[in-house]
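Everything on this sheet refers to the single structure shown next.
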Amino acid sequence: MDKLDPKQDGASPDIVQENIDKLRELFPDAFAEGSDRDGSRWKVDFDALRQILGDYVEDERERYSFSWHGKARARQIAQTPSAGTLRPCPEESVNWDTTQNLFIEGDNLEVLKLLQKSYHKQVKMIYIDPPYNTGGEFIYPDRFQDNLDTYLRYTGQIDDQGFKVSANSESSGRYHTNWLNMMYPRLRLARNLLRDDGIIFVSIDDNEIENLRKIMGEIFGEENEVACVVWQHSVQPKGYSGIFSLHHNYVLCFRKSDNFQLHSLPRSEEDNKNYSNPDDDSNGAWRAGDVRNALYRPNLIYQLTTPSGKTIDPPENGWRWSKEKMEEKIKSGEVVFSKDESRIVRKIYLYRQEGRPPESIWFARDAGTTRKASDELKALFDGKVPFDTTKPTSLILRMLQLAGVKDDDLCLDFFAGSGSTAHAVLNHQAGRFLMVQLPEPINEEVPHGKAAASLGMSTVAEVCRERVRRVVERIDVDNASEGASYRRDMGFKVLKLSASNIVPWDPKEDEIEASLFGSINSIKPKRTQRDVLHELLLKYGLDLAVPIKERDIAGRTVFLIGAGALVVCLADDVNLDVVKGIAALKDELTPEVMRVVFKDAGFADDVVKTNTVQILRQAGIEDVKSL
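Each step along the sequence shown adds one to the number in the UniProt record's numbering, with nothing skipped, and position 540 is 540.
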């Protein structure tokens, strides 16, 4: 029976190896056999690859590129697997057993790595509001070899000798570099999670708009830029003399591919004010539209005859339609002449207008302001504002509408902040959210920090969780008072980044006896069965919100995950009756593929362990592993 090992079967995939495997499938002739310390058998023969690619190889030394100090390391950080896991916290969650929404506390770089298997091409929309690099904002210092260890020290999960996090000061000499090195690996990992019809929105200001646009163009492709939106975030002038009063930020929008379809915005009364029905048209209200072609079309240049027999010469570029189609529209009444027949217009009917095309400037009256965002927090926190850079839900709601988020579409925000994205998704009544937020300490010396502390919150992650909890409570209360049926999912599961639950096999010459003794039970002390189950979800690429059911088989607890896609038994003293009961589940649940995991130290004896694989294989279950 094969064993799961966090070093070999990590929840986070080895992106480099996966890319090499894909490359070998495409160009097998470009690989040669070889070996090195990590045991890799196949090595890329770059000379052979250049010959295969021919004219498509870039040989010029001077070419346009966007580079900065640390870019290669940032790319390498994104490709380094994580040895961490996500531990469930039902006691901090809301409606744990039924919700599909997720809140993850942890360093978003490590979390994004852990989500690669379970959420590859599963996210419809990403919105992030990262640090704007104003000089005083928190930027987490990534580490290439020990990023998880650094995070565990920072959060107090392991001892520390004085790890320090500081602001990215302009005087540091690496002002833009530090910010780019922080953003680059996260955006690379985030792209993997987007569906082919997905889109990412990123809020930013003037400090890094140019750099952000360049790295997003590199990661997502310049051809996939949808828009650079100017958002009017405030309307009150600032009283500083000699400088411009800034009232805008930006929202950069990039699609994953041309499979993305931009949706329209809902129409308002203002949008419809120019529609009327002066001639009692049976199709309803309409407005006048042009019948001329915007481009020169010589095949659409022809004369028209009016109902009275008058001839009308064509416009310079030609008509909008062919002569046959134009005559059909005149006959149906969709194209009409003025009384003196000097003008001709087409009717644009209101009933055909499904929405309003988005514009590249979002005014405060439509998308909200930062003041409105603060008011939303005040309404939830008894007049207090425990976070200072929150975004209005109306801004994010507009993104949800443009992305076409519906049903169970997944929305990701890995700089969750105060939880505006989760709030907007809940109000949208469609989609589900996945929030990621670092437990950044609250600064109690500033007003919003004092407000948070007075509410009993010490980290940004706590502010975010509490906000979403209060939104759920308020919606439930409002829904009950109105006697209406609201959205089906009003809750969220809380998970926290931690080291793996599984003890890796790590024999050392001077500690071989201790290693052998420790391997008898490969699950770390104080880790629950639920902890291990959620690590297995990540390892097998299953949704963290997948239903988990318990079944008693021969007196032992067996977990059924995803209707039998994964069956886990972490009980002790597992005998053949338990194994046969698990084998019978294959016919009962009829999953396409069933995978079974046991605790290695949980079998009654070695005979049971040996026979387990044979019994399950006879039932058609080939994937059997132990921890």
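Heads up, the beta-carbon is just placed ideally off N, CA and C, and yes, glycines get one too. Keep in mind that this is a model prediction, so the values were computed, not measured.
By the neighbour-count criterion, in which 16 or more other beta carbons inside 10 Å mark a residue as buried, residue 64 falls on the exposed side. DSSP places residue 454 in the helix class (H, G or I) of the three-state scheme.
Here DSSP, grouped into helix, strand and coil, assigns residue 602 to helix. Residue environment: residue 86 is assigned as buried (16 or more neighbouring CB atoms within 10 Å of its CB, all protein chains considered). The C-alpha of residue 234 is placed about 57 Å away from the C-alpha of residue 557. For residue 325, DSSP records no beta bridge to any residue.
Taking a C-beta distance under 8 Å as the contact criterion, residue 274 and residue 287 qualify as a contact pair. Under the criterion of beta carbons closer than 8 Å, residue 457 and residue 442 qualify as touching, at roughly 7 Å. Secondary structure at residue 153: helix, using DSSP grouped into helix, strand and coil. The secondary-structure analysis by DSSP pairs residue 286 across a beta bridge with 276, 349.
By the neighbour-count criterion, in which a residue is buried when 16 or more other Cβ atoms sit within 10 angstroms of its Cβ, residue 599 is buried. Under the three-state reduction of DSSP, residue 30 is assigned to helix. For residue 437, the uninterrupted beta strand (DSSP E) segment begins and ends at 432–437. In this structure the stretch 120–130 lies against the stretch 407–422, because at least three pairs of beta carbons, one per stretch, are closer than 8 Å. In this structure residue 390 touches residue 373 by the C-beta definition: roughly 4 Å separates them, less than 8 Å.
Apart from the 5 residues on each side of it in sequence, residue 19 has no Cβ closer than 6 Å to any other Cβ in its chain.
Fully enclosed alpha helix (DSSP H) runs of no fewer than 4 residues occupy 209–220, 269–272 of the stretch 204–276, in order along the chain. Using a C-beta cut-off of 8 Å, the stretch 176–185 makes contact with the stretch 70–79, since at least three inter-stretch Cβ pairs fall below that distance. Around residue 52, the same chain offers 27, 29, 30 as residues with beta carbons nearer than 8 Å, after the five sequence neighbours per side are excluded.
In this structure, residue 395 keeps its C-beta atom at 8 Å or more from the C-beta atom of residue 358.
Pairwise C-beta distances place the stretch 602–609 out of contact with the stretch 487–500, as fewer than three of them are shorter than 8 Å. Proximity to residue 573 across 592, 553, 588 peaks at 553, based on C-alpha coordinates. With contacts defined by Cβ atoms closer than 8 Å, residue 337 and residue 314 do not form a contacting pair. Nearest neighbour of residue 48 by Cα position, chosen from 70, 24, 66, turns out to be 24. Taking 8 Å as the cut-off, the Cβ atoms of residue 542 and residue 571 do not count as close.
Comparing alpha-carbon positions, the option among 428, 413, 100 lying closest to residue 437 turns out to be 413. Put simply, of 312, 256, 346 the residue whose alpha carbon is nearest the alpha carbon of residue 320 is 346.
Note on geometry: alpha-carbon atoms of residue 362 and residue 268 lie some 15 Å from one another. Here the stretch 288–302 makes no contact with the stretch 254–268; the two share fewer than three CB pairs at distances below 8 Å. With a threshold of 16 other beta carbon atoms within 10 Å, residue 593 falls short and is exposed. If you draw a straight line from the Cα of residue 91 to the Cα of residue 416, it comes to about 21 Å. Nearest in C-alpha terms to residue 197, of all of 449, 434, 255, is 255. By the criterion of a C-beta distance shorter than 8 Å, residue 116 is surrounded in its chain by 12, 13, 15, 189, 192, 193, once the five residues flanking it on both sides are discounted. Classified as exposed, residue 22 has fewer than 16 neighbouring CB atoms from the shown chains inside 10 Å of its CB.
Taken through DSSP and simplified to helix, strand or coil, residue 125 comes out as strand.
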